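Sequence lines, in order, name chains A and B. Under our numbering, the first residue of the first sequence carries the number -18, and numbering increases by one thereafter. Under our numbering, the first residue of the second sequence carries the number -18, and numbering increases by one thereafter. Here's the structure, in C-alpha cells; my notes come after.
Number of protein chains: 2
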Amino acid sequence: MEQMGQMKQKEQPEQIRGKQSIVFADPPYIISAASVAGSKEAVGPLGKFFDMTSQDDQFGEKTWEEAESTMQKEACVLALGKARIKAEEVRYLFGGDLLRQGVATSMGVEALQIPMFGLFGACSTSGEALALCAMSAAAGYGKYMLGVTSSHFGSAEKEFRFPLGYANQRPLSAQWTVTGSGAFVVGMRRSRVKIRGITVGKIVDYGLKDSQNMGACMAPAATDTIVRNFEDMGVGPEDYDRIVTGDLGYIGQSILFDLVKGKGYDIRKKHMDCGMTIFDQETQDTHSGGSGCGCAATTLASFILPKIESGEWKRVLFVPTGALMSTVSYNEGASVPGIAHGIVLEHSAPDPGEADEIC
Amino acid sequence: MEQMGQMKQKEQPEQIRGKQSIVFADPPYIISAASVAGSKEAVGPLGKFFDMTSQDDQFGEKTWEEAESTMQKEACVLALGKARIKAEEVRYLFGGDLLRQGVATSMGVEALQIPMFGLFGACSTSGEALALCAMSAAAGYGKYMLGVTSSHFGSAEKEFRFPLGYANQRPLSAQWTVTGSGAFVVGMRRSRVKIRGITVGKIVDYGLKDSQNMGACMAPAATDTIVRNFEDMGVGPEDYDRIVTGDLGYIGQSILFDLVKGKGYDIRKKHMDCGMTIFDQETQDTHSGGSGCGCAATTLASFILPKIESGEWKRVLFVPTGALMSTVSYNEGASVPGIAHGIVLEHSAPDPGEADEIC
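Structure (C-alpha cells):
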C-alpha cells in the first residue's frame, strides 16, 4: 500500500488517519485462520474450502446454542493448530456472536482459558474482532491475539424469529443465517496477509424498521464505512482488488451501489458480498442471500484469505456489516440501525529465501 | 506505583506483565467521568454524588429500553462536557449493556456519531470498556476515548426475570439491578486519576447454575482476576487502598474472602463492593445488594474516582464482575460462568504550578 505508506511519511506522522481510521506503521499479520460450517454451507459454493463441516448441524450437542459454541471452539483450536501455537500463548481473545448475552462465545471459548474481551457488533463482529486484534498486536500488548465469531441458523431463528417447527414463510428480502464459525490468529509474526489498516464504523440509521430486510438496513452503514475508508486513507475503488461486504445480500448490494454512487464512487466492478457468495442462488434458495456473524467470518477464512495469500488479490477492503436490533427493540417499534467495520488486508510477499507462514 | 514502575525498568522491558496484565509505560488518564441514576439510587447512600438522577425511572421515554438508552446518552454528554470536548473529538467509543444484542447502547450512543466498538461483558463491562479505552489511548490510536455502560432495573427484570407487574418473590440471594449509567473519557491528557494498568479476565466456571445467586457465580472470577493481578504485577493487598469489586453483594463477598484466602491473600480490610455500597441494606432491602453494569460504573464515577482525585485513596484495584448467562442458557441447564476485569487506578498529583484536570 504505497500510497498509504507515503501519506504516513509525508502528511501525518501518526498512525491515525482522517476521522475513523488507523494505518499501522508496523502492520500485524493474520497468521492463521480456520472455518467450521454446517451441512447447507458444505454443499454450497464454498463447501470444499471450509476446514471442517458437519452433516449434523447440532455438532453432536443437545441444543443449537451448544452446537454454535462447539463450532467456535473447533474454529479456535484449528486456527491455533495452523499457527502452531497453544491456547496459553494467546494473550487476548476477542469474540462475539448474535445470541442474547453472547452465550455462544462465553460457553464456546471457556475451555481455552484465554483472557477475553466479549464483543457485540451483530454480523460486523468479525471486523470488530480483527480490528481489536490488530490494534492490540500492533501496540505490543501481546504476541498473539485470537479473534472469533459465529452464527447458527437454528439458534438465530430461535433468537430472532420463530421456532423452526413452525415452518414460517420468509419474505423474499429475508436472508439465511449461516451456520459457521471463523477464527483468526493475529500477531506480528510474518505471514502472507497483513492487516494494513482499519476503519472503525459508526452507527448509521436511515430509519428502516423491517428486520426481514436487513440488507437494506445495513447498506447505509456499509456505504458510510467504505466511503470513510476512501477519504481517510486517500484511496479509491481502484486501489482495491475487492471490496467485500459481509452480508448485504442481493437487495442490500443494489442499495449499496446506489448510495456509494451518490457519494461519487463506483464500486460495482470491485464488489463482492459474502452473503451472495456462500450459498448458490440457483439451487439453495436463500432468498436475498446468507447472513450472520459466521457468514463473513467463514468466507474470509476459507475463500478470501487464500486469494490474498497467493497474491491473486493484492489488497482487499473487508467490510462486515451488522444490523443492530433485538426482538424487544423490534417489537417496540425501534428502527434497525447498521454498523460496519473496514479491514484493509494486503498480500505480503515473502522475503527471498525466507520461510513464510501460510494461513 | 513505584514497585510496578521498577519492575518494568529492571525485569521486563515490555508493558505486558505476567499472564494477563499490562502496566502502561506511559499511562493514560481518566479525564472525566459522569453518572446518571434512577429514583431508588437517588435516595441511597450515593444519591448526592451522582451527576444526574431522575424521579421518573422512564427518563421521559416510553419504554424501559429507551430509558436506559437515554441514561447512556446523558452520561456520555455529561462526561464530554466535563472534559470540555465535543463528541467529534472522541476517536472511539467502547460501550455495552446487559440487554440482548446490546440495544440500550446501540440506540443510546447513536446520536453521538462516534466510531464505536460494541462490547458484552455482562456487569464487568465498565472494566472491559476502561481496559480497551486505556489500551487504545496509550497506543496512540486517538486523543480521546469514551467508555460507557448502563443497566436499568425495568429493562433487566424484563430481560432476565419476570414482568414487573407479576410482582414475583425474590430469593434472599438475589440482587437488585441498578438503574444507572456511567461514562468515562480516557486519554493522555493529564488528570488526577491515571490508569496504571489492567488485568484482563478469563471465563471462570465453578459449575453453579443459580442465576438468582449471581454473587456466588461471579466470586470465583473476581478471585481469579484479583489474584492474577497480584501475581502478574508483583503486588499484594497492602499495595492497594481499596480493592473494589463490581456487584458480588453480601453473599458473593463472603465467598470471595474465602476463595482469596485459599490462594494465600487476605483482602478483607481492603475490600469494597459497589453492590453493597450503592444501596442501604437497612432501609432499601435489596437482599444481597445491587448489580448490573450501571452498579460498578456509577459507583466508580460518583464515589471512587473523587476519592482517588483528592488523594484520599492513592491506588485502587477496580474489578467489575460479570455473570455470563442468558434466559436461554439458563433454561437449557447451562451453568453461569463469571468474568472480571481488573483496572489499576492511581492518584496522580499535579505538577507544582501546573493546572490539572478535575474529573
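Positions of the beta carbon are idealized from the N, C-alpha and C atoms, including for glycine. Since we're looking at a predicted model, the values are computed, not measured.
* To do: With 9 Å as the threshold, decide whether the Cβ of F165/A is near any Cβ in chain B.
  => Here residue 165/A refers to the residue found at position 184 of the first sequence. No - not a single Cβ of chain B is within 9 Å of the one on F165/A.
* To do: Would you mind stating whether F238/A and L111/A have Cβ atoms separated by less than 9 Å?
  => Position 257 of the first sequence holds residue 238/A. Position 130 of the first sequence holds residue 111/A. Contact: no.
* Compare the Cα-Cα distances from V174/A to each of T160/A, S310/A and I285/A and report the closest residue. => The residue labelled residue 174/A in the question sits at position 193 within the first sequence. V174/A has its Cα closest to that of I285/A, out of T160/A, S310/A and I285/A.
* Within-9 Å CB hit, F284/B to chain A -> Within the second sequence, numbered from 1, the residue matching residue 284/B stands at position 303. With 9 Å as the cut-off, F284/B does not count as an interface residue toward chain A.
* To do: For M306/B, return the contacting residues in chain A, with the cut-off set at a CB-CB distance below 9 Å.
  => Indexing the second sequence from 1 puts residue 306/B at position 325. Going along chain A in sequence order, the residues near M306/B (Cβ under 9 Å) are Q82, V84 and S87.
* Any Cβ of chain A within less than 9 Å of the Cβ of M97/B? -> Counted from its first residue, the second sequence places residue 97/B at position 116. Chain A contact via Cβ: present.
* Asked: How about C276/B and V159/B: do their beta carbons lie closer than 9 Å?
  -> Along the second sequence, read from residue 1 onward, the residue named residue 276/B stands at position 295. Along the second sequence, read from residue 1 onward, the residue named residue 159/B stands at position 178. Going by C-beta atoms, C276/B is nearer than 9 Å to V159/B.
* F165/A - DSSP class collapsed to helix/strand/coil -> For the purposes of this step, residue 165/A is taken as residue 184 along the first sequence, with counting starting at 1. Three-state result, F165/A: strand.
* Asked: For S105/B versus G270/B, is the C-beta spacing smaller than 9 Å?
  -> To locate residue 105/B, count along the second sequence from 1; it is residue 124. To locate residue 270/B, count along the second sequence from 1; it is residue 289. Contact flag unset, no.
* What does a CB cutoff of less than 6 Å around G196/A pick up in its chain, not counting 5 residues either side in sequence? -> Your numbering for residue 196/A matches position 215 in the first sequence. Answer for G196/A: L229, G230, I232, G233 and S269, listed in chain order.
* Asked: Should Y122/A go down as buried or exposed, given a rule of 16 or more other Cβ atoms within 10 Å for buried?
  -> Counting from one through the first sequence, the residue named residue 122/A turns up at place 141. Buried, since its Cβ has 16 or more Cβ neighbours within 10 Å.
* To do: Determine the direct distance from the alpha carbon of A15/B to that of A60/B, and round the result to whole angstroms.
  => The count along the second sequence starts at 1 and reaches residue 60/B at position 79. The count along the second sequence starts at 1 and reaches residue 15/B at position 34. One C-alpha to the other measures close to 5 Å.
* Can you grab the Cα-Cα spacing for the pair D357/B / G135/A, in whole Å? => Since the displayed chain B opens at -18 and closes at 340, residue 357/B lies outside it and no answer follows.
* Can you find at least 3 beta carbon pairs, one from the region 18 to 25 of chain A and one from the region 280 to 297 of chain B, that sit closer than 8 Å? -> no
* List the residues of chain A that K343/B touches, going by C-beta distances under 8 Å, in chain order. => A question about residue 343/B goes unanswered here, because the residues of chain B that appear run from -18 up to 340.
* Would you say G168/B faces chain A, with C-beta separation under 9 Å as the test? -> Indexing the second sequence from 1 puts residue 168/B at position 187. For G168/B, the answer is no, since every Cβ of chain A falls outside 9 Å of its Cβ.
* Asked: From this set, A56/A, A92/A and F98/A, which residue's C-alpha is nearest G76/A's C-alpha?
  -> Residue 76/A sits at position 95 when you count from the first residue of the first sequence. The candidate whose alpha carbon is nearest that of G76/A is F98/A.
* Asked: Under 9 Å between C-beta atoms, does P8/B make it to chain A?
  -> For the purposes of this step, residue 8/B is taken as residue 27 along the second sequence, with counting starting at 1. Cβ-Cβ to chain A under 9 Å: no for P8/B.
* Locate the beta strand (DSSP E) running through A321/A, then write down its first and last residues. => Residue 321/A sits at position 340 when you count from the first residue of the first sequence. From DSSP, the beta strand (DSSP E) with A321/A extends over G319 to A321.
* What are the start and end residues of the alpha helix (DSSP H) that includes G256/A? -> Walking along the first sequence from the start, residue 256/A turns up at place 275. Looking at the DSSP string, the run of the alpha helix (DSSP H) that includes G256/A is C255 to T258.
* To do: Could you tell me whether the Cβ of I324/A comes closer than 9 Å to any Cβ of chain B?
  => Here the question's residue 324/A lines up with position 343 in the first sequence. So no, I324/A is outside the interface.
* Tell whether a beta-carbon distance below 9 Å holds between R81/B and S307/B. => Here the question's residue 81/B lines up with position 100 in the second sequence. Here the question's residue 307/B lines up with position 326 in the second sequence. Contact flag set, yes.
* Contact list for the region 306 to 320 of chain A against chain B, Cβ threshold 8 Å -> M306, S307, T308, V309, S310, E313, A315, P318 and I320
* To do: Determine whether the Cβ of R177/B lies closer than 9 Å to any Cβ atom of chain A.
  => Against the second sequence, residue 177/B aligns to sequence position 196. Chain A, which has no Cβ nearer than 9 Å to the Cβ of R177/B, makes this no.
* Quick one: give me the first and last residue of the beta strand (DSSP E) that T180/B is part of. => In the second sequence, the residue the question calls residue 180/B occupies position 199. It spans V174 to T180 - the beta strand (DSSP E) in which T180/B sits, taken as one unbroken run.
* Asked: Is the Cβ of R72/B closer than 9 Å to any Cβ of chain A?
  -> Numbered from its first residue, the second sequence carries residue 72/B at position 91. Closer than 9 Å: yes.
* L74/B to A85/B, Cα distance in whole Å? -> Numbered from 1 along the second sequence, position 93 holds the residue referred to as residue 74/B. Numbered from 1 along the second sequence, position 104 holds the residue referred to as residue 85/B. If you take the alpha carbons of L74/B and A85/B, they lie about 14 Å apart.
* To do: Could you check what DSSP says for A304/B in three-state terms: helix, strand or coil?
  => On the second sequence, position 323 is the one that residue 304/B refers to. Here A304/B sits in strand by DSSP.
* To do: Measure the C-alpha to C-alpha separation of I3/A and Q94/B and round it to an integer number of angstroms.
  => The residue labelled residue 3/A in the question sits at position 22 within the first sequence. The residue labelled residue 94/B in the question sits at position 113 within the second sequence. About 18 Å.
* Asked: Of all Cβ atoms in chain A, is any one closer than 9 Å to the Cβ of L27/B?
  -> What you label residue 27/B is simply residue 46 of the second sequence in a count that begins at 1. Chain A contact via Cβ: absent.
* Asked: Under 7 Å Cβ-Cβ, which residues of chain B neighbour D186/A?
  -> As a working note, residue 186/A is residue 205 in the first sequence. Going along chain B in sequence order, the residues near D186/A (Cβ under 7 Å) are E91.
* Within the 9 Å Cβ cut-off, does K(-11)/A reach chain B? -> Locating residue -11/A in the first sequence gives position 8, where the first residue counts as 1. Because K(-11)/A sits at a pLDDT of 41, beneath the cut-off of 50, its placement in the model cannot be relied upon, and the following sentence gives the value as read from the coordinates. No, its Cβ sits nowhere closer than 9 Å to a Cβ of chain B.
* Determine the chain E residues that contact T226/A at a beta-carbon separation under 8 Å, and present them in chain order. => Among the protein chains of the structure shown, namely A and B, there is no chain E.
* To do: Taking a Cβ distance cut-off of 7 Å, strictly less, list which residues of the region 196 to 210 of chain B are near chain A, in chain order.
  => none
* **Option in T267/A, E327/A and Q36/A with minimal Cα separation from W294/A** => Residue 294/A sits at position 313 when you count from the first residue of the first sequence. It is E327/A whose Cα lies nearest to the Cα of W294/A.
* Sequence-distant residues of its chain with Cβ nearer than 7 Å to E212/A (five each side left out) -> For the purposes of this step, residue 212/A is identified with residue 231 of the first sequence, where counting begins at 1. Excluding residues within five positions, the ones whose Cβ falls inside 7 Å are G(-1).
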